[in-house]
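Visitor: Handing you this structure, nothing more for now.
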Amino acid sequence: MSNNPFDRWQSISESDAEIVAALKEAHVPTLLASLVHLTGDVTLIRGDIRPTSDFFGDPQGGISEEDQDRVRAMALDVLRTYRDGGCPRPPTPGDHTVQEMVDFITGETLSADYVGFLISELSLRGEDPYGQPGLMELPAAARGAFKVIIIGAGMSGILAAIRLQEAGIPWQIVEKNSDVGGTWLENTYPGCRVDSPNHTYSYSFEPNDWPQHFSDQQTLLNYFRRVADTYGIREGIRFNTEVDQAVFDEASGNWRLRVKTSGGSEEILESNAVISAVGQLNRPRWPDIPGQESFQGAAFHSAQWDHDCDLTGKRVIVIGTGASAFQFVPVIAEQAADVTVFQRTPPWMSPTPEYFQEIPAGKHWLLNHVPYYAKWFRFWMFWRTAEGLLSSVTKDPSWNDQERSVSEANDELRQLLTAYMAELCADDQDLLSKAIPDYPVAGKRMLRDDGRYLQTLKRDDVHLVTDRIREITPTGVVTESGRSYEADVLIYGTGFQANRFLWPMKVKGRGGIDLQTHWDGDPRAYLGITVPGFPNLFLCYGPNTNIVVNGSIIFFSECEIRYVLGCIKLLLQEGRAALDCKEEVHEAYNRQVDAGNANMAWGAPNVSSWYKNEKGRVTQNWPFSLLEYWTRTREPDPADYRML
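Heads up: the sequence shown at position 382 corresponds to 388 in the numbering used here, and the numbers run straight through without jumps.
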């Protein structure tokens, strides 16, 4: 794969008029950063045109229309010169210039640590930001003798296979489904789409010309299918095969996996290492409600959508108001005769007017033709939707009203989102009282919204019920107040078994210890990747690698696979069979993570969510910056492991 973004830009041959038309769609702060690359003139970002940091406000960073026009006129001159000169490779800016560009585009003065990250992310020196330097220098025979089995052919599994293949390390994927795609293959409910900006939700080495800002399920599935085909991954996948058990053999230092095909046959596979790429959100969670089996109509979970069930003219009950229900309720409301939504806890809604919008043709052109525009746009998204929000969801111990907000900045965010929702519900105060959460912003997963969810709930044929369900009957639902709700169809939007990592597989490590027994309902892993007592078992999307303020989980997976490759490199360099995370390293790390999560909105004691296990511990989330995870996973520290 090419690590040079210049290889992916298309030369400019368009007329001045066509360039002008495209520039009308430009994100101006990103455009200015690109102009610095093209001209080498850093004074372009030292003038009076500067964006401000405003996460839910003007996407142009408060730059006036007049100043935007000035930048576009300047850009036309620069791009015309670049075009007429044959589109030469832009000069590489120095570290100090990159620091200025980072500060400019974020509207803040950031740590110098971001310079190294951005130089790598932008591939300014031709480097691969998620590669593992030195691995390819090891003998091909040693690399070729090390076999890895990957469990799962979703986003992380495809990524692992591509990186291992690039490194000359044999691999095989075991996939329970009949195709690649993971969650984007399994979740086909109406309205399903990504809620991370698509230009961050893609592999760093395989950018995509996304049709929408937040693309739908089929578009995402097509992307992962295409990537798997492009890199020849399908040939190494055993489809319709599920791992039933994985056992570490101490004598050989290998893993033995018992797999079962859809036809019922069993086989034992052996490998030097195992990468679990099964994810967190793949096993549906059903609520424990008396009478569930008695319902006589159609009933299904949103993750197992029954497309043969025609909702036209039907009375539908939806249980749950999480991310899936948030997306499918507006769609089914257009079909059903009546929809009743049962809500336990309302979600905070992040204003996203472009959530369903197509990306304009001009923006497509800019992303594909202007050097470094796509990279800086990706970083701006990374900052605006994740990194930059971290301080607003961090606890201030001196803040008084900890139940509703955890700091002054968090309270300001609460007021901003409350005002947004109040405007949408201005003519329905009863709905507003049900829709405003009583917990801090980011205490639970925030959901993307362009207004249509609340508009749907305002319909006469859609009803939001906050009365708790007492039981399910053959014809509907009865609440604790004794009221009955009749239905023809019952849809469970109740999420997944998020805290049951690697379940229902049986995984046994050193001394025959069972992983689920070892975790005892409280899963932990060092960097979310390795677990003491389970040598050469590597986890993707493991404990405490989830993100709350909508960064991209692909970012985490790329960091994790880079780290796994580093562990393999370490083994091959040392000529050892396996490495095992030291218990004291693992424990010290998890104490840091627990302390960090206790300091975040989602760690507030009055907040109950799928982020926490039954013991009240946050097992899902990473509480620090994404930069910190990128830094800590660059390569393993040999002192963290015992070599076997």
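We treat Cβ as the ideally placed atom computed from N, Cα and C, and that holds for glycine.
1. Along the beta strand (DSSP E) that carries N552, what are the first and last residues, could you check?
2. Given this structure, state the Cα-to-Cα distance separating W216 from L263, to the nearest angstrom.
3. Once the 5 residues before and after D402 are set aside, which same chain residues still bring their CB inside 7 Å of it?
4. Counting along the chain, where does the alpha helix (DSSP H) carrying G150 start and finish?
5. Which same chain residues, not among the five before or five after F630, have their C-beta less than 7 Å away from its C-beta?
6. Whose C-alpha, out of P446, Y595, L521 and S126, is nearest the C-alpha of S615?
7. According to DSSP, is S614 helix, strand or coil?
8. Classify E181: buried if its beta carbon has 16 or more other beta carbons within 10 angstroms, exposed otherwise.
9. Go to C315, then tell me how far its alpha helix (DSSP H) extends in each direction, as first and last residue.
10. Under three-state DSSP, which class holds F12?
11. If the criterion is Cβ atoms closer than 9 Å, does the pair V284 and I243 meet it?
12. Roughly how many angstroms separate the alpha carbons of S356 and S221, rounded to a whole number?
13. F301 and L423: beta carbons closer than 9 Å?
14. When the Cα atoms are used, what is the spatial distance from W190 to C198?
15. Mark S8 as exposed unless 16 or more other C-beta atoms lie within 10 angstroms of its C-beta, in which case mark it buried.
16. Buried or exposed for R390, going by 16 or more other Cβ atoms inside 10 Å?
17. Taking the alpha-carbon of G303 as reference, which of T500, R56, D316 and Y595 has the nearest alpha-carbon?
18. Any heavy atom of the ligand GDP closer than 8 Å to the beta-carbon of G113?
19. Quickly, what does DSSP pair A252 with across the bridge? List them, please.
20. Please list the terminal residues of the continuous beta strand (DSSP E) segment that includes L141.
21. Since C587 sits in a beta bridge, which residues does DSSP pair it with?
22. Closest to I69 by CA distance: which of R582, D314, Q408 and H33 is it?
23. Measure the C-alpha to C-alpha separation of V322 and G609 and round it to an integer number of angstroms.
24. Considering only residues of the same chain and omitting the five flanking positions on each side of R458, which have a CB-CB separation below 7 Å?
25. Candidates G548, R289, E299 and T327: which alpha carbon is nearest Q651's?
26. Taking the C-alpha atoms as reference points, what is the distance between S21 and G394?
Guide: The short version:
1. Careful: N552 lies outside any beta strand (DSSP E) and carries neither H nor E.
2. 38 Å
3. V412, S413 and E414
4. First-last of the alpha helix (DSSP H) with G150: A146 to G150.
5. G602
6. P446
7. coil
8. buried
9. No alpha helix (DSSP H) holds C315; DSSP gives it neither H nor E.
10. Model confidence at F12 stands at a pLDDT of 48, short of 50, so the residue's coordinates are unreliable; what they give is reported in the following sentence. The answer is helix: DSSP assigns F12 an H, G or I state.
11. Taking 9 Å as the Cβ cut-off, V284 and I243 do not qualify as a contacting pair.
12. 17 Å
13. no
14. So the alpha carbons of these two residues sit roughly 9 Å apart.
15. The predicted position of S8 is uncertain, since its pLDDT is 49 and thus under 50; no value can be drawn from it.
16. buried
17. D316
18. Absent from the structure shown: the ligand GDP. Ligands present: none.
19. Bridge partners of A252: L263 and V513.
20. That residue, L141, is in no beta strand (DSSP E); it is neither H nor E in DSSP.
21. Y647
22. Among R582, D314, Q408 and H33, the Cα nearest to that of I69 belongs to H33.
23. 35 Å
24. P336
25. Since the first and last residues shown for the chain are 7 and 650, residue 651 lies out of range.
26. 38 Å
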